[in-house]
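Report on one structure; see the data block that follows.
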Amino acid sequence: MEKVIDIRHLNKSFGNHEVLRDVNFSVAKGEVVCLIGSSGSGKSTLLRCINLLETPTGGEIIYNGENILDKDHDVSKHRTHLGMVFQSFNLFNNHNVLKNCVVGQQKVLKRSKQEAEKNALKFLEIVGMDKYINAKPSQLSGGQKQRVAIARALSMDPDVMLFDEPTSALDPEMVGEVLKVMRRLADEGNTMLIVTHEMEFAKEVADRIVFMDKGVIVEEGPPSQVLVNPVHDRTKEFLKRTLK
Amino acid sequence: MSLESILSILEQNWPNYLKGAYITLLIAIFSTIIGALIGLFIGVMHTIPLRKKSFKSFLLKIVNFILSVYVEIFRGTPMIVQAMVVFYGIAAYGFVMDRFLAAILVVSLNTGAYMAEYVRGGIVSIEKGQYEAAEAIGMNHFQTMVHIILPQVIRNILPATGNQLIMNIKDSAVLSVISVTELFFVTKTIASINYKTADSYLIACVMYLIMTLTASQLLRLFEKKLDGPKDYNFQSDKKSA
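In structure tokens, the structure reads:
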């Protein structure tokens, strides 16, 4: 299968603290990959390295055949190919729902207002937020905010969607509505990389599970293998703690 | 002091009082706007992320140093002294500046020095997530600032800008030292002719108060308008777009 993201020998440290150690990892087109592991294992950092919100200290990230860590690589352009959904939503506080999904298309992709709004509305409808286009972020619940954030990312028509613990900051009753949207995106064949603690969800939608611990990938494979019959002791231990 | 005497002063001098108040307002409003723009510029310059060692970052450091010196000088000296130094300083080089323009220059520079700190604080206080979200959809630093960060900063520093406007309405009185015909200067002239000092100044006092109260009310209205309606329409006409 065609590799969209190919990470080779990636290292990242904050000062003396090594967060990622010699990580090798790839994502194929149309694949849904879930990154699991306890907090501090480096899974969020790995995700943030892919769109360069964190700058790796060593290794290579090949995106569609190009090394994005090359000095003259256009970082802003690279980021438009990746849709990012944050744990804390990060909707633009000064814009309403529609403008949140439009501003990037207009200013970065240079789309016309009309085209951008049409596209935004398409995705707002998919996430079920098309009735709230005039609302400001402060007027929405957490689940609603996250669904708008997903629509904002999709509006840029990215090749890959990155989710950084998208449901961790939500009240339990709002987790479902966000996972439902994500499930739909997975079913539609989107390439998705998801950092999550939702094991049931991961088991259901992931093509592949990657378990990380202390900055290294310990084990990876289909959910039936990693989540049901893990090989490694550290994976077993982690699953015992989380799947009670 | 009597009502009669106040009324008679008003009767004889109301056009002058109004002209003085008009000049005061002009100076205060223009200087606050120009000062806010200066402050915005400095605040933005001070928060440009520096990328390693390059010629650009070296240049930026020098510019920022000069800007810091300006801020410290204008925050650290009385405006009345600045007015004298600027006006007579320039005059010493044989160039006599228009007094009104000199007044706007001094009050603007003074306001800019204060606003720079408000803006810097405003930029720093915007949560990191706003920058990350903007960068994640491919915006560069400039686009992030213009479309995402500064609109929020401007909203946040509006109350401080309002304060500054009110201070400028009052403090422009010190410009009488360079004979700008604002309200205080006009009042001084009137009082020196009629010798009714207390009454003449009481009128000025009320006029200052009317201006500052109106300014603060207008600003509050403006803030409310910026915040938009508290409720929002579920069904919007844009849906069919």
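Heads up: the protein sequence lines correspond to chains A and B, in order.
According to the UniProt record's numbering, the first sequence is numbered sequentially starting from 1.
According to the UniProt record's numbering, the second sequence is numbered sequentially starting from 1.
Cβ coordinates follow ideal geometry from the N, Cα and C atoms, glycine included.
Bridge-paired residues (DSSP) for residue i
{"i": "isoleucine 5 of chain A", "result": "A:Val27, A:Tyr63"}
{"i": "histidine 17 of chain A", "result": "A:Phe14"}
{"i": "valine 32 of chain A", "result": "A:Met192"}
{"i": "glutamate 219 of chain A", "result": "A:Phe211"}
{"i": "histidine 58 of chain A", "result": "Note that residue 58 of chain A is glycine in the sequence shown, not histidine. According to DSSP, glycine 58 of chain A bridges with A:Asn11."}
{"i": "phenylalanine 163 of chain A", "result": "A:Val85, A:Ile194"}
Nearest-angstrom beta carbon gap, residue j and residue i [assumed within contact, 8 Å]
{"i": "methionine 212 of chain A", "j": "serine 41 of chain A", "result": "4 Å"}
{"i": "leucine 91 of chain A", "j": "lysine 3 of chain A", "result": "With 8 Å as the limit, leucine 91 of chain A and lysine 3 of chain A do not qualify as a contact, their Cβ atoms being about 32 Å apart."}
{"i": "isoleucine 9 of chain B", "j": "serine 200 of chain B", "result": "6 Å"}
{"i": "glycine 215 of chain A", "j": "valine 19 of chain A", "result": "5 Å"}
{"i": "serine 172 of chain B", "j": "alanine 103 of chain B", "result": "7 Å"}
{"i": "leucine 35 of chain A", "j": "lysine 43 of chain A", "result": "4 Å"}
{"i": "arginine 147 of chain A", "j": "glutamate 115 of chain A", "result": "Not really, about 22 Å apart at Cβ, beyond 8 Å."}
{"i": "arginine 79 of chain A", "j": "glutamate 135 of chain B", "result": "7 Å"}
{"i": "aspartate 234 of chain A", "j": "valine 218 of chain A", "result": "Contrary to the premise, residue 234 of chain A reads as arginine rather than aspartate in this sequence. About 5 Å separates the two Cβ atoms, so the contact holds."}
{"i": "asparagine 64 of chain A", "j": "glutamine 152 of chain B", "result": "With a Cβ gap of about 35 Å, asparagine 64 of chain A and glutamine 152 of chain B do not count as contacting."}
{"i": "isoleucine 178 of chain B", "j": "arginine 51 of chain B", "result": "With 8 Å as the limit, isoleucine 178 of chain B and arginine 51 of chain B do not qualify as a contact, their Cβ atoms being about 45 Å apart."}
{"i": "glutamate 227 of chain A", "j": "methionine 199 of chain A", "result": "Correcting the residue type first, residue 227 of chain A is leucine in the shown sequence and not glutamate. Contact holds; Cβ gap of about 7 Å."}
{"i": "leucine 158 of chain B", "j": "glutamate 117 of chain B", "result": "Actually they are not in contact, since the Cβ atoms of leucine 158 of chain B and glutamate 117 of chain B sit about 16 Å apart, beyond 8 Å."}
{"i": "methionine 79 of chain B", "j": "valine 174 of chain B", "result": "6 Å"}
{"i": "histidine 186 of chain A", "j": "valine 205 of chain A", "result": "According to the sequence shown, residue 186 of chain A is alanine rather than histidine. Right, the Cβ-Cβ distance comes to about 4 Å (below 8 Å), so this counts as a contact."}
Residue i beta carbon near the ligand ATP (any heavy atom closer than 6 Å)
{"i": "valine 124 of chain B", "result": "Absent from the structure shown: the ligand ATP. Ligands present: none."}
DSSP-derived helix/strand/coil call for residue i
{"i": "lysine 12 of chain A", "result": "strand"}
{"i": "phenylalanine 95 of chain B", "result": "coil"}
{"i": "phenylalanine 30 of chain B", "result": "helix"}
{"i": "arginine 208 of chain A", "result": "strand"}
{"i": "glutamate 173 of chain A", "result": "helix"}
{"i": "aspartate 199 of chain B", "result": "helix"}
{"i": "methionine 156 of chain A", "result": "coil"}
{"i": "alanine 202 of chain A", "result": "helix"}
{"i": "aspartate 72 of chain A", "result": "coil"}
{"i": "alanine 241 of chain B", "result": "Reliability fails at alanine 241 of chain B, whose pLDDT of 38 lies under 50, so the model's placement of it is uncertain and the value that follows must be treated cautiously. Coil."}
{"i": "valine 228 of chain A", "result": "helix"}
{"i": "aspartate 233 of chain A", "result": "helix"}
{"i": "glycine 35 of chain B", "result": "helix"}
Interface positions of the segment 136–161 of chain B facing chain A (Cβ-Cβ less than 8 Å), listed along the chain:
When CB distances to chain A are screened at a threshold of 8 Å, the residues of the segment 136–161 of chain B falling below it are Ala136, Ile137, Gly138, Met139, Asn140, Gln143, His147, Ile148, Pro151, Gln152, Arg155, in chain order.
Any contact of the segment 114–122 of chain A with the segment 49–61 of chain A, i.e. 3+ C-beta pairs under 8 Å?
Here the segment 114–122 of chain A makes no contact with the segment 49–61 of chain A; the two share fewer than three CB pairs at distances below 8 Å.
Would you call the segment 141–154 of chain B and the segment 87–104 of chain A in contact, with 3 or more CB pairs under 8 Å?
When C-beta atoms of the segment 141–154 of chain B are compared with those of the segment 87–104 of chain A, three or more pairs fall below 8 Å, so the two segments count as touching.
Relative to chain A, which residues along the segment 202–229 of chain B have a C-beta separation below 8 Å, given in chain order?
Identification of residues in the segment 202–229 of chain B having a C-beta nearer than 8 Å to some C-beta of chain A yields Gly228, given in sequence order.
Any chance the segment 200–214 of chain B sits against the segment 50–68 of chain B, with 3 or more Cβ pairs inside 8 Å?
Counting C-beta pairs closer than 8 Å gives fewer than three between the segment 200–214 of chain B and the segment 50–68 of chain B, which falls short of the contact rule.
Where the segment 65–94 of chain A meets chain B: residues whose CB sits under 7 Å from a CB there:
So the close ones are Ser76, Lys77, Arg79, Thr80, Met84, Phe86, Ser88, Asn90, Phe92, Asn93, Asn94.
Below 8 Å, how does it come out for the segment 162–170 of chain B and the segment 77–87 of chain B: are there three or more Cβ pairs, yes or no?
The way I'd put it, the segment 162–170 of chain B doesn't touch the segment 77–87 of chain B; fewer than three beta-carbon pairs between them come closer than 8 Å.
Can you list, in chain order, the residues of the segment 44–66 of chain A whose Cβ is nearer than 8 Å to any Cβ on chain B?
Answer in chain order: Asn51, Leu53.
Is the segment 184–201 of chain A touching the segment 130–146 of chain A, taking contact as three or more C-beta pairs under 8 Å?
Taking 8 Å as the limit for Cβ pairs, the verdict is that the segment 130–146 of chain A does not touch the segment 184–201 of chain A.
Residues of the segment 11–25 of chain B whose Cβ lies closer than 7 Å to any Cβ of chain A, in chain order
So nothing in the stretch comes that close.
Within 8 Å, do at least three Cβ pairs link the segment 69–89 of chain A to the segment 156–169 of chain A?
Touching, yes.
Within 8 Å, do at least three Cβ pairs link the segment 177–191 of chain B to the segment 24–39 of chain B?
The segment 24–39 of chain B is in contact with the segment 177–191 of chain B.
Count Cβ pairs between the segment 165–176 of chain B and the segment 105–120 of chain B that sit closer than 8 Å; are there 3 or more?
In short, these stretches touch, since the Cβ pair count reaches three.
Count Cβ pairs between the segment 38–54 of chain B and the segment 115–127 of chain B that sit closer than 8 Å; are there 3 or more?
Three or more beta-carbon pairs drawn from the segment 38–54 of chain B and the segment 115–127 of chain B are found closer than 8 Å, and the two stretches are therefore classed as touching.
Selection of the segment 214–231 of chain A by Cβ proximity to chain B, strictly under 9 Å:
Residues passing the 9 Å Cβ filter: none.
Would you call the segment 124–134 of chain A and the segment 144–158 of chain A touching, i.e. three or more CB-CB distances under 8 Å?
Yes, the segment 124–134 of chain A is in contact with the segment 144–158 of chain A.
For the segment 10–17 of chain A and the segment 59–66 of chain A, state whether three or more C-beta atom pairs, one from each stretch, are separated by less than 8 Å.
Yes, the segment 10–17 of chain A touches the segment 59–66 of chain A.
Taking any Cβ of chain B, which residues in the segment 99–110 of chain A have a Cβ under 7 Å from it, in chain order?
The segment 99–110 of chain A vs chain B, Cβ under 7 Å: Val103, Gly104, Lys107, Val108.
Near-chain B residues of the segment 126–137 of chain A - C-beta to any C-beta below 8 Å:
Taking 8 Å as the Cβ-Cβ cut-off against chain B, the residues of the segment 126–137 of chain A that qualify are Asp130, Lys131, Tyr132, Ile133, Asn134, Ala135, Lys136.
May I ask you to list, following chain order, the residues of the segment 154–176 of chain A that have a beta carbon less than 7 Å from some beta carbon of chain B?
Along the segment 154–176 of chain A, going in chain order, the ones with a CB nearer than 7 Å to a CB of chain B are Met156.
Against chain A: residues of the segment 112–133 of chain B by CB proximity under 7 Å:
Those residues of the segment 112–133 of chain B that come within reach of chain A (Cβ to Cβ, closer than 7 Å) are Gly129, Gln130, Glu132, Ala133.
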